[in-house]
Amino acid sequence: MSADPAPAVSNPLLSESPLPYGLPPFADITLEHCREAVLAGMAEQRAELDAITGSAEPPTFANTVEALERSGALLRRAEAVFGNLSSSLSSPRLREIERELAPLEAAHSDALRLDPALFARVDVVHEARHDSGLDPEAVRLVERHHLDRVLAGARLDDEGRARLSDRNRELSELSTQFGQNLQLATEAAAVRVADAAELDGLSEEEVAAAAGAAADRGLDGYVLPLLLPTGQPVLAKLRDRELRRRVFEASVTRASSGEHDNGPVAARIARVRAERARLLGFATHADLVLADQTASSTDAVDAMLSSMVGPSTANALAEGEVLAEVAVRDGVTELAAWDWAFYSERVRAERYSVDTAALRSWFELDRVLVDGVFRAAEMLYGFRFAPRPDLAGYHPDVRVWEVSGPDGEAVGLYLGDFTAREGKRGGAWMSSFVTQSRLLGTRPVVVNNLNVARAPEGRPTLLTLSEVDTLFHEFGHALHGLSSAVTYPRFAGTAVPRDFVEFPSQVNEMWALWPEVLSTYARHVETGEPLPAAVVEALDGARLWGEGFATLEYLAATLLDQAWHRITPETEVGDPAEFERRALEQAGVANDLVPPRYRTTYFQHVFAGGYAAGYYSYIWSEVLDADTVEWFRENGGLRRENGDVFRERLLSRGGSVDPLEAFRAVRGRDADPGPLLRRRGLAPA
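In this note's numbering, the protein residues as written are 412 to 1096.
Here it is as C-alpha cells:
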C-alpha cells in the first residue's frame, strides 16, 4: 500500500475520545476524518506488527499474542465509527469512500492473518501454551489466534497466499457492491400511491407516515418504503388487493434487474468463496465456515434442517387451505402470495380474537423500551439506564443512555436508533463503538438499530407486536455486549461463533410477553389502560397460528444460503434466478405461496454480512434458546438469581470459553431439541 498523506492534526479520531466511555465525538467527525483515520490506522498497525515480528526476543505470550491484542487501537476506533455510519447514515460520498477502502482493508486483514513471520511466532506460543503458566482465557486466546490464521490460509505457500489475497480483495469489493446495490434498489423500489383510498386498512398514523415518506422524497401523495425481508408489514393490513400485489412484487424483485442487479454479483461472490475454500483445503465454503462453528459439520446442519422440512411444509399447506377458504368470501378464487399475510391476520382475528393491527395502540416505543425492555434487564441483571441528553449520537434520531450495574458501578453506554430514514440499511441489528476489555481498560458502547416507520410530528411512535419482539431481540445482543467481563478484546461480548450469537438475543425475546413485563409497558397510548387480560390470553392461544409459514419461509432462506455455498469452482451456476428456483425445489421447500424470507438479490445477511453459509444459526441457536426458556420457567422466571446465573456463566464470558460449555454451565446438560419442536408446532405439545 502506498503511503497516504499525513492526516490533519485536527482529526478527532486520531486520539482517544475525551467523552465518557470513549463515545466518539460525532459532532466533530467528518467522513474525510474517517477515511484518513482508517488509512492511518492500517499504517499504524502494520508498524506494530513489524515490531512484533522484528523482535529479537523469543516468542512469548506477552510479546506476541498479547501484543497482537493491543495493536490496532486507532484502526478499531476508526472502523467502528465508519462501519456504523455506513449502515446507518449512508451517502454518495460515504459509499465512494467505502468502495475505496474495502480492498485496502481486505489486504490489511490478509497481512495480519497471513504474514509468515507472524504466524511462525504465534505457532511457537501455541506449541508451548500448556507449559507457559497461562490462565485458561489466555490459553484459549492463543488457540483462537492460531486457528484464525490456519483457517485464513497462513500455512499456504507464497503463491497460495497471493492467490488467496486476490480472492479476498475481490470478495471485499463484491460484498460492498452488493450492499450498496441493495440499499439503492430498496429505496428506488418504494411503492408510490396517489390516492389515500388505496391505503384502506392502514391506521391514521400509518397513512400520515406514508405521506411523510413521500414528502421526504420531494413527492406528492404517499410512499410505502420497503423493509429488508420479503414480507412487508403493510401486506397484513392493506385491503386493496392490487396494491398488495404491487408491494409484494416490489419486494421480491428488488435488485434483480437494471443497474443495481445483484444476481450476477451474488453468483460471483459464491464462486469466489468456493475458489477460496478450495485453496484452503475445503470442499466448499460451507465446509470452511462450519469448521469453526458449534455445529461442526454440514452433515449436522443438514440433519437438523431436513428433519424440519416435512412437518413445516405440511403445517404451511394446512394453513394455506384455511386461508383459501376465507379468501373465497372476498371473491378471491386463487390465493396468491400477496394475500397470505392479509388473510392470516383475518384468521387470527376470527379464530383467536386477536387483531394485531389494533394492538399497536398499546405498544408505544418509549414505553416499550423503558418500562419493558429496560425494566426486564433491571429485574434480571440489576442494570439501570439513565438518559444522557448531554451526549450526542451520530444523527438526531439517536439517543444515549448510561448503564450502571446493581451496585451503581459504571457499565457502559447504550445508544438507540430506532426509526427508518434514507441512507439507513433495512433490518435491525446491534453493533459496538467500543468493546469491553480489561487489558485495554475499556467499557462497552453499544448501539441498537431498528427501522420503525417515523411517526408524524408530535405523534407517538407505535410498534407492531413483531417490532416489539424485534426490540427485545436486538436488546438481547446489546445485553451480551454490556455484560462482557473478559480480559482480551478478541473475546468481548458477541465475539462468539455465528451459530451461537443469536442464542442470548432469542432468549431475551421471552420477556416481551412475560406477565410482569407486559403489564407494565402494554398500556394504551391515549387512556393508559393495560392490555386486556382476554387479549393476552388470545395471544397465547394464537401462538402456533402461522408457525407453518414462518418456519417454511425461514427454512427456504437458510437452505438457499446452503445451496449457494455448497457450490464448487466447477459448478455451472447459470442464471442466478434459475439457480435459486432449482435449489428450492431440490430442498423440498419451493412454494409459490411461501417465498423465502430472503431471495438471492436481497439476501444481505449472506452476501453483504457475516452469515454466509451460517443463516442456519438462527434455528440452531433456537434449540439452545427454547431449552433455556424452559430452564427459566422451571426456576421461577424473571428473578435476579436466574439473571445472575445467566449473566455470570454465559453472557459475561463472551468467546473466552467454549460456548456449549457455557450453555451447560447454565442448563446442567446438553440442549434438548424437544422444546423447539413443540414451540414451532413440529412435535406434539
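Glycine included, every Cβ here is placed at the ideal spot set by N, Cα and C. Just so it is clear, the structure is predicted and the values come from calculations on it, not from any experiment.
From the options, residue whose alpha carbon lies closest to that of residue i
{"i": "A752", "options": "A769, L734, G742", "result": "L734"}
{"i": "N1002", "options": "E983, A949, R854, A967", "result": "A967"}
{"i": "V809", "options": "A923, F829, G669", "result": "F829"}
{"i": "A549", "options": "S497, F472, E598, A1024", "result": "F472"}
{"i": "D972", "options": "T931, Y1029, W956, G959", "result": "Y1029"}
{"i": "L876", "options": "F911, D777, R836, L770", "result": "L770"}
{"i": "R687", "options": "R572, H1016, E477, V737", "result": "R572"}
{"i": "H537", "options": "R560, D782, L942, A467", "result": "R560"}
{"i": "P798", "options": "S815, P855, G904", "result": "S815"}
{"i": "T597", "options": "E584, L585, F659", "result": "F659"}
{"i": "D569", "options": "D672, D521, G1020, S708", "result": "D521"}
{"i": "A839", "options": "E940, A864, L558, H671", "result": "A864"}
{"i": "T969", "options": "A994, E948, N474", "result": "A994"}
{"i": "S843", "options": "Q591, L654, L890", "result": "L890"}
{"i": "D672", "options": "Y1013, Y899, D1055", "result": "Y1013"}
{"i": "R930", "options": "A903, V936, Q917, A944", "result": "The question names Arg, but residue 930 in the sequence shown is Ser. Measuring from the Cα of S930, the nearest candidate turns out to be A944."}
{"i": "D631", "options": "E490, A619, E983", "result": "A619"}
{"i": "E833", "options": "Q594, H557, G465", "result": "Q594"}
{"i": "T587", "options": "P941, G544, R555, I508", "result": "I508"}
{"i": "R1050", "options": "G1065, G793, G939", "result": "G793"}
{"i": "L646", "options": "A599, E490, W749, A896", "result": "W749"}
{"i": "W773", "options": "E736, Y1027, D627, H935", "result": "H935"}
{"i": "P1006", "options": "S707, Y899, E964, V683", "result": "E964"}
{"i": "T938", "options": "S466, E775, A528, E736", "result": "E775"}
{"i": "L585", "options": "A513, A539, F530", "result": "A513"}
Local Cβ density within 10 Å of residue i, reported as buried at 16 or more and exposed below that
{"i": "P469", "result": "exposed"}
{"i": "E745", "result": "exposed"}
{"i": "P423", "result": "buried"}
{"i": "Q997", "result": "exposed"}
{"i": "V739", "result": "exposed"}
{"i": "T695", "result": "buried"}
{"i": "P416", "result": "With a pLDDT of 46 at P416, under the threshold of 50, the predicted position of this residue should be treated as unreliable, and no value is reported."}
{"i": "E868", "result": "exposed"}
{"i": "E617", "result": "buried"}
{"i": "G483", "result": "buried"}
{"i": "T979", "result": "exposed"}
{"i": "F741", "result": "Note that residue 741 corresponds to Asp in the displayed sequence, not to Phe. D741 comes out exposed."}
{"i": "L654", "result": "buried"}
{"i": "N1046", "result": "exposed"}
{"i": "D546", "result": "exposed"}
{"i": "T846", "result": "buried"}
Assigned secondary structure, residue i (DSSP; H/G/I helix, E/B strand, else coil)
{"i": "D828", "result": "strand"}
{"i": "P1084", "result": "coil"}
{"i": "F794", "result": "coil"}
{"i": "A601", "result": "coil"}
{"i": "S413", "result": "Bear in mind that the predicted position of S413 carries a pLDDT of just 30, short of 50, making it too unreliable to give a figure here."}
{"i": "R578", "result": "helix"}
{"i": "E885", "result": "helix"}
{"i": "N919", "result": "helix"}
{"i": "A419", "result": "Bear in mind that the predicted position of A419 carries a pLDDT of just 48, short of 50, making it unreliable; the figure below should be weighed with that in mind. Here A419 sits in coil by DSSP."}
{"i": "D461", "result": "helix"}
{"i": "P800", "result": "coil"}
{"i": "E981", "result": "coil"}
{"i": "V743", "result": "coil"}
{"i": "N1002", "result": "coil"}
{"i": "G571", "result": "helix"}
{"i": "W751", "result": "helix"}
{"i": "N860", "result": "strand"}
C-beta contact flag for residue i and residue j at 8 Å
{"i": "I463", "j": "R532", "result": "yes"}
{"i": "L635", "j": "A681", "result": "no"}
{"i": "L434", "j": "L485", "result": "no"}
{"i": "V553", "j": "V476", "result": "yes"}
{"i": "D526", "j": "L460", "result": "yes"}
{"i": "R1089", "j": "D1081", "result": "no"}
{"i": "Q643", "j": "S662", "result": "yes"}
{"i": "V857", "j": "Y825", "result": "yes"}
{"i": "V779", "j": "V879", "result": "yes"}
{"i": "E609", "j": "D651", "result": "yes"}
{"i": "P871", "j": "A677", "result": "no"}
{"i": "D703", "j": "L613", "result": "no"}
Tell me, please, whether the region 919-927 touches the region 705-714 by the rule of three or more beta-carbon pairs shorter than 8 Å. no
Would you call the region 483-503 in contact with the region 798-807, where contact means no fewer than 3 C-beta pairs closer than 8 Å? yes
Take every Cβ of the region 894-910, pair it with every Cβ of the region 1051-1064, and state whether three or more of those distances are shorter than 8 Å. yes
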